[in-house]
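Chemist:
Number of protein chains: 2
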Amino acid sequence: MSAKKVTLRDIAEHLGVNTSTVSRALNPKTSKMLTAEQVRRVQEAADALGYVQNTMAYALKKGRSMTIGVIIPDLMNPVFPPILKGIMNYLNREAYTSIIAYSENDMELALTEIKRMKGRQVDGFILAGAFRDDFSVDYCVDNNIPAITVGRSVDKDVVDKIVIDNESGMQQMVEHLLELGHRRIALIAAPQNISDGYERYRAYLEQLESHGIEVDESLIVQAEAFSQDAGRKATGELLSRNVPFSAVIAANDLVALGCIEELERNGVHCPDDVSVIGFNNMPYLDQFRVPLTTIEIPRLRMGEKAARVILERLKKPEMPLQHIVLEPRLLVRSSTARCRDA
Amino acid sequence: MSAKKVTLRDIAEHLGVNTSTVSRALNPKTSKMLTAEQVRRVQEAADALGYVQNTMAYALKKGRSMTIGVIIPDLMNPVFPPILKGIMNYLNREAYTSIIAYSENDMELALTEIKRMKGRQVDGFILAGAFRDDFSVDYCVDNNIPAITVGRSVDKDVVDKIVIDNESGMQQMVEHLLELGHRRIALIAAPQNISDGYERYRAYLEQLESHGIEVDESLIVQAEAFSQDAGRKATGELLSRNVPFSAVIAANDLVALGCIEELERNGVHCPDDVSVIGFNNMPYLDQFRVPLTTIEIPRLRMGEKAARVILERLKKPEMPLQHIVLEPRLLVRSSTARCRDA
DNA sequence: GTGAAAGCGCTAACAC
DNA sequence: GTGTTAGCGCTTTCAC
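Below, the structure is given as structure tokens:
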């Protein structure tokens, strides 16, 4: 078998034609310029020699790399693989390739990766870990590189975005808890510099008010990250305040898991003493020790949509800013129960 | 800010020097050819103009893309993200980029992806989903593209490999169960065309024999995949045979989870009636309803090693075939208990 | 319908 | 120490 790389020239020489003929024959958009016979000959030779187009040369020539850069905060957070899969599914279908990097929730690192990918001539970016004010997004905008955020979005209206309806999610959570008779509902808020964190916090305030529940500031604690550890810590703080509560809305499932752990460590049981509700419906959650009630988000579709929109954007740079909102859905399991005092 | 791409030439013109001077100044390996002053000037200009090297042009010129292709079976299987992370960590540190594709456990698809990546001039491959006899691996060998398998390996000694010691893993499992008094130990074997499946099956036979337990073929069932669903099905079959058993060794954690589910559906409780043991220690397993006893494998390190070895291979094509074996470790949780009849 | 030739951005002989 | 130049593999305008 061939050890050397087979190029257009190899085929051309083999056939005694010009490289441009080969190039034209192999490209469906230009092959109609040639006789069907010629096209067939070239294609056969290409197959026989094991030709594979050199994407680098193509990219250099055309100024498009058929590559999309994807930045996610963290590979280990189970929310992201399905989003990634959605992205890759769609991109593959369109003959695009994705290149992936993680930012560890660090804007500086994100920017470094973006620059690196810019060097690789990516045609656009899908950003899954943006902050509300994010200079790595600004960099894309300033450098005229198409970008879209998926999930976490930026405040400024400068790039396309795929988001989930946090207000609706929070409404479903709050109404579920109210129906169960809960009135003292604590919130472990996510970082406020992330759109999901901020929006859910705002929505929590609104929903309580619109349902006639007075907001008690001492029931709101801040998680410093979307992690189990942060959930434990925040719950510790909540507990230390010695205010009564019968339910906790957590920033996401991981935080909820940490919350339950810390509660139990203090002899407070879920859902008997306190109901806990998460967000995201991470994989296998139904099989956990305490199957979490949570909000399911359409992760695969988020990824697919993001891929679809970024490719559209590449084709139509002047298209109006896209702002796609996906609906989340309450999933009731057994971490929430009727309020004892109700 | 700049909308256009900044090239070497832009910097050269801006400074009134030749592009080669700029090229040399920006490359640490050649910058010593120039005066320190010159290097400084160039670097400043590059920063000021926002220069980012065009990796495509570099790759085309050098014939190396600084890219490694990574093929995994499935993004959603929680075993792979940590391996990926290990790979990406190491590769990034060495200024390499990874491009990832999934094969859905389909050799044909894997080959398609490999060809696509070959077109992108990847310098080598890390294959995480190989079969024991795998023509996509052969393709790499035939085409002289460096490749390494991580985890699942091929039978032929043709590429470097990172594996875990399945024999040791099985020994730890069997000895643990024997200590608990189990004698009727069933096996839900993984697909036999995958090295891990085959090796664990062989090791199961050996370990039972070397501990003086007679192998009962009716205690061995075949899972058709490394999935929860396959675990359920296989367990159903095992149950239908109506042979007594007090412990099950599952192909992996997912299969074990499916097994437990099916057992309970039939009124058999874990670990009270039957002990179940998994493999891999997937994330969050300790928090599941039945915290699985399992074998922990060093996934992050597997990824890092694979990345390290493939880069070594690139540097030293003549280096002897690497065969690195990593040790797994038994993690006792509560899906295994003393045998009731013991 | 096909060939010739230029050039994408970069590096590395080879000059001087 | 720095400039000149060729060429990596491809597409595409311009000839014919």
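Chains as they are written, first to last, in UniProt numbering: chain W, 1 to 342; chain D, 1 to 342. Each residue gets a CB set at the ideal place from its N, CA and C atoms; glycine is no exception.
Hey, Y96 of chain W and L300 of chain W: beta-carbon distance below 8 Å or not?
Modeler: On the first sequence, position 96 is the one that residue 96 of chain W refers to. On the first sequence, position 300 is the one that residue 300 of chain W refers to. Against a cut-off of 8 Å, the Cβ pair of L300 of chain W and Y96 of chain W comes out as no contact.
Chemist: What are the residues in the stretch 119 to 139 of chain D lying within 7 Å of chain W by C-beta distance?
Modeler: Per Cβ criterion, the list reads G119, R120, Q121.
Chemist: When you compare each of W:V122, W:D196, W:E318 to Q53 of chain D by their alpha carbons, which one comes out closest?
Modeler: Residue mapping note: residue 53 of chain D aligns to position 53 of the second sequence, counting from 1. Out of W:V122, W:D196, W:E318, W:V122 has the C-alpha closest to the C-alpha of Q53 of chain D.
Chemist: Using DSSP with H/G/I as helix, E/B as strand and the rest coil, what is N280 of chain W?
Modeler: On the first sequence, position 280 is the one that residue 280 of chain W refers to. Residue state, collapsed to three classes: strand.
Chemist: So for I297 of chain D, helix, strand or coil by DSSP?
Modeler: For the purposes of this step, residue 297 of chain D is taken as residue 297 along the second sequence, with counting starting at 1. Three-state result, I297 of chain D: coil.
Chemist: Below 8 Å, can you find three or more Cβ-Cβ pairs linking the stretch 112 to 122 of chain D to the stretch 53 to 70 of chain W?
Modeler: Judged by Cβ distances under 8 Å, the stretch 112 to 122 of chain D makes contact with the stretch 53 to 70 of chain W, as three or more pairs qualify.
Chemist: Taking a Cβ distance cut-off of 8 Å, strictly less, list which residues of the stretch 16 to 46 of chain W are near chain D, in chain order.
Modeler: Residues passing the 8 Å Cβ filter: none.
Chemist: Which partner residues of V150 of chain W appear in the DSSP bridge assignment?
Modeler: As a working mapping, residue 150 of chain W is identified with position 150 in the first sequence. Its beta-bridge partners are W:I162.
Chemist: By how many angstroms is the C-alpha of I295 of chain W removed from the C-alpha of S275 of chain W?
Modeler: On the first sequence, residue 275 of chain W is found 275 positions in, with the first residue counted as 1. On the first sequence, residue 295 of chain W is found 295 positions in, with the first residue counted as 1. Using only the alpha carbons, I get a separation of about 14 Å.
Chemist: Quick test of the definition: if touching needs 3 or more C-beta pairs under 8 Å, does the stretch 97 to 112 of chain D touch the stretch 73 to 83 of chain D?
Modeler: In short, these stretches touch, since the Cβ pair count reaches three.
Chemist: Ignore the nearest five residues each way along the sequence and tell me which others in R202 of chain W's own chain have a CB closer than 7 Å to its CB.
Modeler: Locating residue 202 of chain W in the first sequence gives position 202, counting from the first residue. Excluding residues within five positions, none has a Cβ falling inside 7 Å.
Chemist: Smallest Cα separation from L34 of chain D: which of D:A45, D:S20, D:D47, D:P328?
Modeler: For the purposes of this step, residue 34 of chain D is identified with residue 34 of the second sequence, where counting begins at 1. It is D:S20.
Chemist: Given a threshold of 16 other Cβ atoms within 10 Å of its Cβ, counted over all protein chains shown, does D155 of chain W qualify as buried or as exposed?
Modeler: For this step, residue 155 of chain W is matched to residue 155 along the first sequence. The residue in question, D155 of chain W, is exposed, as its Cβ has fewer than 16 Cβ neighbours within 10 Å.
Chemist: First and last residue of the alpha helix (DSSP H) that includes L49 of chain D?
Modeler: If you number the second sequence from 1, residue 49 of chain D lands on position 49. Looking at the DSSP string, the run of the alpha helix (DSSP H) that includes L49 of chain D is 36 to 49.
Chemist: List the residues of chain D whose Cβ lies closer than 7 Å to the Cβ of R289 of chain W, in chain order.
Modeler: What you label residue 289 of chain W is simply residue 289 of the first sequence in a count that begins at 1. Under the 7 Å cutoff, chain D gives Q287, F288, R289.
Chemist: How many Å lie between S227 of chain W and Q287 of chain D at the Cα?
Modeler: On the first sequence, position 227 is the one that residue 227 of chain W refers to. On the second sequence, position 287 is the one that residue 287 of chain D refers to. Each residue's Cα considered, the two are about 15 Å apart.
Chemist: Please state if the CB of R333 of chain D and the CB of S246 of chain D are separated by a distance shorter than 8 Å.
Modeler: Here the question's residue 246 of chain D lines up with position 246 in the second sequence. Here the question's residue 333 of chain D lines up with position 333 in the second sequence. Taking 8 Å as the Cβ cut-off, S246 of chain D and R333 of chain D do not qualify as a contacting pair.
Chemist: Taking Cβ-Cβ distances below 8 Å as the criterion, which residues of the stretch 72 to 85 of chain D are in contact with chain W?
Modeler: For the stretch 72 to 85 of chain D, which is checked against every Cβ of chain W, the residues closer than 8 Å are L75, M76, P78, P81, P82, L84, K85.
Chemist: Grouping DSSP H, G and I as helix and E and B as strand, with all else coil, what is S275 of chain W?
Modeler: In the first sequence, residue 275 of chain W corresponds to position 275, counting from 1. S275 of chain W: strand per DSSP, three-state reduction.
Chemist: Can you list, in chain order, the residues of its chain with a C-beta nearer than 8 Å to that of K115 of chain W? Leave out the 5 residues immediately preceding and following it.
Modeler: Here the question's residue 115 of chain W lines up with position 115 in the first sequence. The answer, listed in chain order, is Y139.
Chemist: List the whole-angstrom C-beta distance separating L254 of chain D from G231 of chain D, where the pair is believed to meet the contact cut-off of C-beta under 8 Å.
Modeler: Locating residue 254 of chain D in the second sequence gives position 254, where the first residue counts as 1. Locating residue 231 of chain D in the second sequence gives position 231, where the first residue counts as 1. Sure, about 6 Å apart at Cβ, within 8 Å.
Chemist: With a threshold of 7 Å on Cβ separation, who are the neighbours of V79 of chain D within its own chain once the five nearest residues in sequence on each side are excluded?
Modeler: As a position in the second sequence, residue 79 of chain D is number 79, starting the count at 1. So the qualifying residues of the chain are N280, M282, R299.
Chemist: Take every Cβ of the stretch 208 to 217 of chain W, pair it with every Cβ of the stretch 78 to 94 of chain W, and state whether three or more of those distances are shorter than 8 Å.
Modeler: Output reads no: the stretch 78 to 94 of chain W does not touch the stretch 208 to 217 of chain W.
Chemist: Are the Cβ atoms of D196 of chain W and L321 of chain W separated by less than 8 Å?
Modeler: Translated into the one-based positions of the first sequence, residue 196 of chain W becomes position 196. Translated into the one-based positions of the first sequence, residue 321 of chain W becomes position 321. It is not a contact, given that the beta carbons lie outside the stated cut-off.
Chemist: Which residue's Cα is closest to the Cα of P317 of chain D: D:K85, D:M66, D:N144, D:Y51?
Modeler: If you number the second sequence from 1, residue 317 of chain D lands on position 317. Looking at the Cα atoms, D:N144 is the closest of the given residues.
Chemist: What residues in the stretch 213 to 247 of chain D bring their beta carbon closer than 8 Å to a beta carbon of chain W?
Modeler: Residues: none.
Chemist: Closest Cβ-Cβ distance between N54 of chain D and chain W: below 8 Å?
Modeler: Counting from one through the second sequence, the residue named residue 54 of chain D turns up at place 54. Cβ-Cβ to chain W under 8 Å: yes for N54 of chain D.
Chemist: Can you tell me whether DSSP reads Q322 of chain D as helix, strand or coil?
Modeler: Within the second sequence, numbered from 1, the residue matching residue 322 of chain D stands at position 322. Note: Q322 of chain D maps to coil in three-state DSSP.
Chemist: Pull up the DSSP beta-bridge partners for F125 of chain D, would you.
Modeler: Residue 125 of chain D sits at position 125 when you count from the first residue of the second sequence. Beta-bridge pairing links F125 of chain D to D:G69, D:A147.
Chemist: Here's the rule I'm using: 16 or more other beta-carbon atoms within 10 Å means buried, otherwise exposed. How should V150 of chain W be labelled?
Modeler: One-based indexing of the first sequence puts residue 150 of chain W at position 150. It counts as buried.
Chemist: From what residue to what residue does the alpha helix (DSSP H) around T112 of chain D run?
Modeler: Within the second sequence, numbered from 1, the residue matching residue 112 of chain D stands at position 112. Note, T112 of chain D: alpha helix (DSSP H), 107 to 119.
Chemist: Would you kindly report the start and end of the unbroken beta strand (DSSP E) that includes S334 of chain W?
Modeler: As a first step, residue 334 of chain W must be located in the first sequence, where it is residue number 334. Where S334 of chain W is concerned, there is no enclosing beta strand (DSSP E), given that its DSSP letter is neither H nor E.
Chemist: Under a Cβ-count criterion, where at least 16 other Cβ atoms within 10 Å of its own Cβ denotes burial, should S218 of chain D be classed as buried or exposed?
Modeler: For the purposes of this step, residue 218 of chain D is taken as residue 218 along the second sequence, with counting starting at 1. Looking at its Cβ environment, which holds fewer than 16 other Cβ atoms inside 10 Å, S218 of chain D is exposed.
Chemist: Just the C-alpha distance for I11 of chain W and T112 of chain D, rounded to the nearest angstrom, thanks.
Modeler: Within the first sequence, numbered from 1, the residue matching residue 11 of chain W stands at position 11. Within the second sequence, numbered from 1, the residue matching residue 112 of chain D stands at position 112. Those two C-alpha atoms are separated by around 21 Å.
Chemist: Hey, would you say the C-beta of A247 of chain D is under 7 Å away from at least one heavy atom of the ligand COA?
Modeler: This structure lacks the ligand COA, and indeed carries no ligand of any kind.
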